[in-house]
Amino acid sequence: MDEVGFFHTLLLAWFALAAVTFVLLLFVRAPYGRYARRGWGPILGKKMGWVIMELPSALGMPLLFLLGNRQDNAPALVFLALWEIHYLHRTFVFPLGLRGSGGGHALATVVMAIFFNSVNVYLNGRWLFFLGPRLEPAWLADPRFLLGGFLFAAGFAICKHSDAILRALRSPGESGYKIPRGGLFRWVTCPNYLGEIIEWCGWALLTWSLAGLSFAAWTVANLAPRARQHHRWYRQEFPDYPRERRALLPFIC
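Count along the sequence shown from 1, add 599, and you get the number used in our numbering.
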């Protein structure tokens, strides 16, 4: 089997595995953050865990760009820049703002995240920089790219704003949880997850690729069940939790 055949076989299996993961996570809480627990291996510190998990994405995309044949292609350069804006922040900036001594990442979660990020960056980077069609500079003015770029930027901004609200709930050295308020927390429990989903749906649109769509599908598969779990947890822990809030989508669910 040549690489093209391998790529498409892997992509099909990746979509199927996303569906299985979505169903599984409706019943099993991934053991990281507030749900970290024994039985999944040693618990790594939350900052170290984040860096290790996200590093394959931050480093893998530039490597695939250099190994590809699109170094002089404007759309490819933009794709690389957008990816790195997200992952340099997620890998090296976001962990520095994490507060509190609780949580952490079970080793099994870290290993699974490394596997996911490695496959995901291969599918997206290899398609965009070698296997997929070579896009003309005019693609950057295409409505699909413009709408996707808007969604990507909006989702990234929602994530950053929501993360800032969550960080502000704790003073340095403080642990425990409080009810977040402000921003999209007025309507949903997990606006940071909503922002992430919007961002990668935008990526799927602006790259106009099945690889990008697979990333959006995996984002929903991972975060939608966790948002429901967070929502249930807050309602159990805080009797005064706002009843009008939904888990992920304002006014819906």
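Using N, Cα and C, we set each Cβ at its ideal position, and we do this for glycine too. A quick note: this is a predicted structure, and the numbers were derived from the prediction, not measured.
Would residue i be called buried (16 or more neighbouring beta carbons within 10 Å of its own) or exposed?
{"i": "N668", "result": "exposed"}
{"i": "T708", "result": "buried"}
{"i": "E836", "result": "exposed"}
{"i": "S656", "result": "buried"}
{"i": "K777", "result": "exposed"}
{"i": "P732", "result": "exposed"}
{"i": "C852", "result": "exposed"}
{"i": "F605", "result": "exposed"}
{"i": "H607", "result": "exposed"}
{"i": "S813", "result": "buried"}
{"i": "P838", "result": "exposed"}
{"i": "A803", "result": "buried"}
{"i": "I684", "result": "exposed"}
{"i": "R825", "result": "buried"}
{"i": "L727", "result": "buried"}
In whole angstroms, give me the CA-to-CA distance for residue i and residue j.
{"i": "V619", "j": "A816", "result": "11 Å"}
{"i": "R856", "j": "W649", "result": "Outside the displayed span of the chain (600 to 852) sits residue 856, for which this structure offers no information."}
{"i": "D762", "j": "F784", "result": "11 Å"}
{"i": "T788", "j": "Y840", "result": "10 Å"}
{"i": "M676", "j": "W807", "result": "Rather than Met, the amino acid found at residue 676 in this sequence is Leu. Rounded to whole angstroms, L676 to W807 spans 15 Å at the Cα level."}
{"i": "G775", "j": "Q670", "result": "47 Å"}
{"i": "Y792", "j": "L625", "result": "16 Å"}
{"i": "A752", "j": "F614", "result": "25 Å"}
{"i": "L687", "j": "F621", "result": "27 Å"}
{"i": "A740", "j": "L734", "result": "12 Å"}
Inspect the beta-carbon positions of residue i and residue j and report whether they are closer than 7 Å.
{"i": "F744", "j": "L805", "result": "yes"}
{"i": "R766", "j": "G696", "result": "yes"}
{"i": "A673", "j": "P736", "result": "yes"}
{"i": "V720", "j": "G659", "result": "yes"}
{"i": "G811", "j": "C758", "result": "no"}
{"i": "Q828", "j": "R628", "result": "yes"}
{"i": "I797", "j": "G748", "result": "no"}
{"i": "L679", "j": "F664", "result": "yes"}
{"i": "A820", "j": "A617", "result": "yes"}
{"i": "W786", "j": "P849", "result": "yes"}
{"i": "I642", "j": "A705", "result": "yes"}
{"i": "M647", "j": "A712", "result": "no"}
Starting from residue i, trace the alpha helix (DSSP H) in both directions and tell me its first and last residue.
{"i": "P661", "result": "K645 to L666"}
{"i": "S717", "result": "L706 to R725"}
{"i": "R834", "result": "L809 to E836"}
{"i": "T788", "result": "T788 -> no alpha helix (DSSP H), and no H or E assigned at all."}
{"i": "F693", "result": "Note, F693: premise wrong, no alpha helix (DSSP H); not H, not E."}
{"i": "F728", "result": "Where F728 is concerned, there is no enclosing alpha helix (DSSP H), given that its DSSP letter is neither H nor E."}
Tell me, which residues are paired with residue i by DSSP?
{"i": "I684", "result": "The partner list for I684 (beta bridge, DSSP) is empty, contrary to what the question assumes."}
{"i": "I764", "result": "Paired residue(s): none; I764 is not in a bridge."}
{"i": "R845", "result": "V787"}
{"i": "P642", "result": "One detail in the question is off: residue 642 reads as Ile in this sequence, not Pro. Looking at the DSSP assignment, I642 forms a beta bridge with A705."}
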